[in-house]
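Data first, discussion second: the structure below is written as structure tokens.
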Amino acid sequence: MFVCLFVCLFTEIMCAAPNIENAEIVRGQRLNYRINSRIKYKCHPGFEPEQPVHITCDSQTQWTGIQQCTEIMCAAPNIENAEIVRGQRLNYRINSRIKYKCRPGFEPEQPVHITCDSQTQWTGIQQCTEVTCQFESIITSGVKRIIPEGQTVFKVGENVEIICTEKHLFSTKETSKSFTCQSNGKWDRKPGCEITCEVPHDQQVSGLEYYFRGDMKLGAKRSYSCKSEYRKTAEEATCTRDGWIPKPLCAEMMCDPPRIPNAEIVGGQRINYRINSTIQYKCSPGFEPEQPVHITCDSQGQWTGIQQCTDGTCQEQELKNIEIIFGYPSLTSPYKSGHILVFRCTDDNMRFYGQYSVKCQPDGRWNYPYPQCGGTVQCSKPTKNLQFVTLSDEKTEYGNSESLIYTCKKPYNESAGGVLMCQNGNWNGTYNCRNKICPPPPYLQHGDYSIISTKDDVITAVSYTCQSYYVLTKQHEVYKCVDGKWETPPKCLRPCEIDDIVKKYNLQLPTGKVYIRHAEKYRLNCRDGWNTGSEMKAYVDVSCSDGNLQIDKSCDAQNNSK
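Counted the way mature numbering (1 follows the signal peptide of the UniProt record, and there is no 0) counts, the sequence shown spans residues -16 to -1, 1 to 546.
Printed below as a string of structure tokens:
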């Protein structure tokens, strides 16, 4: 009795841990729970309910409020005009992926994959829409009748019949044909009567039998040529539902109105002119030519005989190291046709390039470009006759117009001496040194002599040569002293260097130093994009005249861009 009372008083009644499939106790699970204990559990992902569920241990040690966790599933999809591939079930688990296919006559044609998402919704569904073929009612060229009339939408398997006119038969020569709408929404053949184009006899095309023969169905292309005085409007003719295009294939060759600055057409201007049309225009007052000019529209649609209207005035050009010393009829502008200008260098020590005089031509252009001056003219020390004289101021270089005093040596000292002057790179003046037999051989600038004969140490005969690139004016074998006088000696004519001055004429400077001998010519190319103007040459021939570079033309016109 005592034992029973002790056990009954001290053994507590409790609930065992709940056993709920597909669920777990929130915050861990114990072996048992006291009466009135309240816990919560949560269903596994993919099961519902999704929210935590609260349950209570009652006085009977039973859990109250339990909701079983049931799997969340998608019902079978209901897609009109489609069937599930490999059969349909009542429902599908989350993330299940199945595919369905639209029935024939519906699209899309390919099977569609769909997925059961966590919200029990099917994702990726595309509705099956009925496939139809459109029939364009505008297809009328060559069509006599369409059956059924007025219907423009056709279901898969339905037909349309087209009856063609005699000119637009099918390639099989049938007058009618049926076209069937296919499951891809396209016709089994393109509906319409076969288009053919006739030979274009009335379009001024030449060589019809050659160009327009054989298959001339819709889309056919033909090269062609036009009759005289007509031009092609395209490279090829194309057969279309409206015949050959472009229309016309050949257009009459005509000239656009001539565009001549500072001129007006005599008798008024038209929109265009036929081949061989001749018209005349007159330059505005103050422009040349003064008389009307006749021009003709040639067979190529171009005007021939055009003369530009110019004001007859030549423009001033830049004066660089050069000055005008004479002008006829005046020194100053305006420079009209026939005006002449004469130039010289502003510094006598500079070298002169170009023509000393220029003349204004009727077209408003100078016959030669303005000359230029540049560089320095100097004389080297006269070394060749030093054996006969003593120089008062011996240097390696002497400036232009500089004087040099000398005294004579034996046996040529019958006179005391004299003066030489540097002028334009040459020594001017004579040696007064003399002997009763002969004076010394004449000095040759840029040259030398070889002694041929002597008498009492006095030279009586010599021969002359020039330095490299210099040219002798005469080619005598021997120069003699006769009766105390020397035969007139030759000259050494100077070469020319092609230098930076050519850039003033828009000419390309050669690579490296280039020298040309007296009287020789050298061809220089115009700078890229330039030419000589009226002659349209891309080069200029320059020449050398005793050290002066002669440039008769310049590249003063830019090439036309196309």
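Where is the CB? At the ideal position from N, CA and C, for every residue including glycine.
Item checked: V250 beta carbon less than 7 Å from that of P276 -> As a first step, residue 276 is located in the sequence shown; it is residue number 292 there, counting from the start. As a first step, residue 250 is located in the sequence shown; it is residue number 266 there, counting from the start. Yes; because the gap between Cβ atoms is below 7 Å, this pair is in contact.
Checklist line | Enclosing beta strand (DSSP E) for E8 [first to last residue] | finding: Counted from its first residue, the sequence shown places residue 8 at position 24. Looking at the DSSP string, the run of the beta strand (DSSP E) that includes E8 is 7 to 9.
Margin query: I'd like to know whether the C-beta atoms of C165 and F138 end up nearer to each other than 7 Å.
Written below: Position 181 of the sequence shown, counting from 1, holds the residue named residue 165. Position 154 of the sequence shown, counting from 1, holds the residue named residue 138. Yes; because the gap between Cβ atoms is below 7 Å, this pair is in contact.
Notebook entry, point to check: Would you report the Cα separation of N384 and I244, rounded to the nearest angstrom?
Noted result: By one-based count along the sequence shown, residue 384 stands at place 400. By one-based count along the sequence shown, residue 244 stands at place 260. Those two C-alpha atoms are separated by around 52 Å.
Note to self: Quick check for students: name the residue ranges of the beta strand (DSSP E) that lie wholly in the segment 282 to 342, counting only runs of 3 or more.
What the structure shows: Taking only runs of at least 3 residues, the beta strand (DSSP E) segments lying wholly in the segment 282 to 342 are 306 to 312, 324 to 329, 335 to 337.
Margin query: On the DSSP letters alone, give me the boundaries of the alpha helix (DSSP H) that Y194 sits inside.
Written below: Taking the first residue of the sequence shown as position 1, residue 194 is located at position 210. 192 to 195 is the span of the alpha helix (DSSP H), which, as asked, contains Y194.
Notebook entry, point to check: For the candidate residues N515, A503, K475, L477, whose alpha-carbon lies nearest to that of Q492?
Noted result: The residue given as residue 492 occupies position 508 in the sequence shown. Checking every option, the nearest Cα to that of Q492 belongs to N515.
Checklist line | V526 vs Y506 beta-carbon contact at 7 Å | finding: Start at 1 with the first residue of the sequence shown, and residue 526 comes out as number 542. Start at 1 with the first residue of the sequence shown, and residue 506 comes out as number 522. Yes, the pair counts as a contact, with Cβ atoms nearer than the cut-off.
Notebook entry, point to check: Are the beta-carbon atoms belonging to V144 and F163 less than 7 Å from one another?
Noted result: Residue numbering aside, residue 144 sits at position 160 when the sequence shown is read from its first letter. Residue numbering aside, residue 163 sits at position 179 when the sequence shown is read from its first letter. Taking 7 Å as the cut-off, the Cβ atoms of V144 and F163 count as close.
Next item on the list: Taking 8 Å as the threshold, find out whether the segment 308 to 325 comes into contact with the segment 370 to 385 through three or more Cβ pairs.
Entry: Short answer: they don't touch.
Check: According to DSSP, what are the bridge partners of K26?
Finding: Translated into the one-based positions of the sequence shown, residue 26 becomes position 42. E8.
Item checked: Opposing strand residues paired with C100 [DSSP bridges] -> What you label residue 100 is simply residue 116 of the sequence shown in a count that begins at 1. DSSP lists W106 as partners of C100.
Next item on the list: Could you tell me the distance, in whole angstroms, from the CA atom of M238 to the CA atom of Y214?
Entry: Within the sequence shown, residue 238 is the residue found at index 254, counting from 1. Within the sequence shown, residue 214 is the residue found at index 230, counting from 1. Answer to the nearest angstrom: the Cα atoms are 8 Å apart.
Notebook entry, point to check: Under three-state DSSP, which class holds V486?
Noted result: Taking the first residue of the sequence shown as 1, we reach residue 486 at position 502. For V486, the three-state secondary structure derived from DSSP is helix.
Note to self: Can you list, in chain order, the residues of its chain with a C-beta nearer than 7 Å to that of C450? Leave out the 5 residues immediately preceding and following it.
What the structure shows: For the purposes of this step, residue 450 is taken as the residue at position 466 of the sequence shown. Only residues of its own chain outside the window of five on either side were considered, and among them H430, G431, L456, C476 have a CB closer than 7 Å to the CB of C450, listed in chain order.
Next item on the list: Taking all protein chains shown into account, decide if N20 is buried (16 or more other Cβ within 10 angstroms of its Cβ) or exposed.
Entry: Stepping through the sequence shown from its first residue, residue 20 is reached at position 36. Flag for N20 reads exposed.
Notebook entry, point to check: For Q13 versus A(-1), is the C-beta spacing smaller than 7 Å?
Noted result: Here residue 13 corresponds to residue number 29 of the sequence shown, with the count starting at 1. Here residue -1 corresponds to residue number 16 of the sequence shown, with the count starting at 1. Cβ atoms of Q13 and A(-1): not closer than 7 Å.
Item checked: beta strand (DSSP E) segment containing N256, residue limits -> Mapped onto the sequence shown, residue 256 falls at position 272. N256: not part of any beta strand (DSSP E); DSSP gives it neither H nor E.
Note to self: Is the beta carbon of F336 closer than 7 Å to that of N509?
What the structure shows: For the purposes of this step, residue 509 is taken as the residue at position 525 of the sequence shown. For the purposes of this step, residue 336 is taken as the residue at position 352 of the sequence shown. No. Outside cutoff.
Checklist line | Same chain, Cβ closer than 6 Å to Y354, five either side skipped, listed in chain order | finding: The count along the sequence shown starts at 1 and reaches residue 354 at position 370. So the list reads Q301, once near-sequence residues are dropped.
Item checked: Contact set for A66: own chain, Cβ-Cβ below 6 Å, skip 5 residues either direction -> Taking the first residue of the sequence shown as 1, we reach residue 66 at position 82. Only residues of its own chain outside the window of five on either side were considered, and among them Y84, C86, C112 have a CB closer than 6 Å to the CB of A66, listed in chain order.
Next item on the list: Buried or exposed for Y194, please, with buried defined as at least 16 other CB atoms from any protein chain shown within 10 angstroms of its CB.
Entry: Along the sequence shown, one-based indexing puts residue 194 at 210. Burial state of Y194 is exposed, judged by a 10 Å Cβ sphere holding fewer than 16 other Cβ atoms.
Notebook entry, point to check: With C-beta atoms as the reference, is C234 less than 7 Å away from C210?
Noted result: Taking the first residue of the sequence shown as 1, we reach residue 234 at position 250. Taking the first residue of the sequence shown as 1, we reach residue 210 at position 226. With contacts defined by Cβ atoms closer than 7 Å, C234 and C210 form a contacting pair.
Notebook entry, point to check: How big is the Cα-Cα spacing for K393 and A445?
Noted result: Along the sequence shown, one-based indexing puts residue 393 at 409. Along the sequence shown, one-based indexing puts residue 445 at 461. Straight-line Cα distance between these residues: approximately 19 Å.
Item checked: Check whether N416 and V442 have beta carbons under 7 Å apart -> By 1-based counting over the sequence shown, the position of residue 416 is 432. By 1-based counting over the sequence shown, the position of residue 442 is 458. No, the pair does not count as a contact, with Cβ atoms beyond the cut-off.
Item checked: Residue range of the beta strand (DSSP E) that includes F138 -> Reading the sequence shown from its first residue, position 154 is the one you call residue 138. Residues 137 to 139.
Next item on the list: Could you tell me how far apart the beta carbons of I263 and I279 are, in whole angstroms, since I believe they sit closer than 8 Å?
Entry: Numbered from 1 along the sequence shown, position 279 holds the residue referred to as residue 263. Numbered from 1 along the sequence shown, position 295 holds the residue referred to as residue 279. With 8 Å as the limit, I263 and I279 qualify as a contact, their Cβ atoms being about 6 Å apart.
Next item on the list: Measure the Cβ-Cβ separation of C53 and N6 and say whether it is below 7 Å.
Entry: The residue labelled residue 53 in the question sits at position 69 within the sequence shown. The residue labelled residue 6 in the question sits at position 22 within the sequence shown. Contact flag set, yes.
Checklist line | A247 burial status per 10 Å Cβ neighbour count (16 or more: buried) | finding: On the sequence shown, position 263 is the one that residue 247 refers to. Within 10 angstroms of the beta-carbon of A247 lie 16 or more other beta-carbons, which makes it buried.
Next item on the list: Give me the Cβ distance between V115 and P95, rounded to the nearest whole Å; I'm assuming they're in contact under 8 Å.
Entry: If you number the sequence shown from 1, residue 115 lands on position 131. If you number the sequence shown from 1, residue 95 lands on position 111. About 16 Å; that fails the 8 Å criterion.
Check: Taking all protein chains shown into account, do 16 or more other C-beta atoms lie within 10 angstroms of the C-beta of R11, making it buried, or fewer, making it exposed?
Finding: One-based indexing of the sequence shown puts residue 11 at position 27. Around the beta-carbon of R11, fewer than 16 other beta-carbon atoms lie within 10 Å, marking it exposed.
Next item on the list: Return the CA-CA distance between G513 and I535, expressed in angstroms with no decimal places.
Entry: Working through the sequence shown from its first residue, we reach residue 513 at position 529. Working through the sequence shown from its first residue, we reach residue 535 at position 551. Straight-line Cα distance between these residues: approximately 20 Å.
Check: If we count Cβ pairs, one from each stretch, closer than 8 Å, do we get three or more for the segment 198 to 208 versus the segment 171 to 187?
Finding: By the C-beta criterion, the segment 198 to 208 is judged to be in contact with the segment 171 to 187, since at least 3 inter-stretch pairs fall below 8 Å.
Check: Any heavy atom of the ligand GDP closer than 6 Å to the Cβ of E8?
Finding: The model on display carries no ligand, and the ligand GDP is accordingly not part of it.
Item checked: Alpha-carbon to alpha-carbon, Y76 and A60 -> Counted from its first residue, the sequence shown places residue 60 at position 76. Counted from its first residue, the sequence shown places residue 76 at position 92. Each residue's Cα considered, the two are about 7 Å apart.
Check: Hey, how far is the Cα of D184 from the Cα of Q118?
Finding: Reading the sequence shown from its first residue, position 200 is the one you call residue 184. Reading the sequence shown from its first residue, position 134 is the one you call residue 118. Before going further, note that residue 184 is Pro rather than Asp in the sequence given. Roughly 34 Å between the two C-alpha positions.
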